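**Student:**
Residue numbers (our numbering): 14 to 182.
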């Protein structure tokens, strides 16, 4: 979080609410001049803090009826190769290296149980995959694609204050 300041946080907060918001509207809501907003967003994109802008789609309205979480066991020498191969499957929307019972955890979106079964067979047949454990999501209570900016900013402010006090006294 080194070079992210309060101005950046205010801009990011507005963009996270609505990625299509205009610079003028961000300016109106935050009191930050348009030119500063343009410069800051350009810098945040350059530093890859902002990775891109996208639209959030409603899975169900598009016929995507199945969400599954899949734990994958693999040997350590195959870990990276398997993760990379999983990332190439369109229906695999998230791939994580995890601690605990599994080595990798993936999130899959499928149109039907038959579609999910096909995807799972592809995963099972990958070189390096030792075993998989499938959990089908029954209900989704919360699914967001955002960072908890308020908490991060408050933590950043507290740590900065403590660091300043340490050198002060």
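Just so you know, even glycine gets a beta-carbon here, dropped at the ideal spot from N, CA and C.
Since the structure is predicted, the reported quantities are computational estimates derived from the model, not experimental observations.
To which residues does DSSP link residue 126 through a beta bridge?
**Tutor:** In DSSP, residue 126 forms no bridge with anything.
**Student:** Using a Cβ distance threshold of 8 Å, determine whether the segment 147-167 contacts the segment 101-118, with at least three qualifying pairs required.
**Tutor:** No, because fewer than three Cβ pairs between the segment 147-167 and the segment 101-118 fall closer than 8 Å, the two stretches do not touch.
**Student:** Give a yes or no on whether the C-beta atoms belonging to residue 115 and residue 141 are separated by under 9 Å.
**Tutor:** no
**Student:** By the DSSP assignment, the beta strand (DSSP E) with residue 144 in it spans what residues?
**Tutor:** 142-149
**Student:** Answer with buried or exposed for residue 166, where buried requires no fewer than 16 other C-beta atoms within 10 angstroms of its C-beta.
**Tutor:** buried
**Student:** When the Cα of residue 50 is compared with those of 39, 60, 125, 59, which residue comes out closest?
**Tutor:** 39
**Student:** Secondary structure at residue 98, three-state DSSP: helix, strand or coil?
**Tutor:** In this structure, residue 98 counts as helix in the three-state DSSP scheme.
**Student:** Taking a contact to mean a Cβ-Cβ separation below 9 Å, would you say residue 117 touches residue 99 in this structure?
**Tutor:** yes
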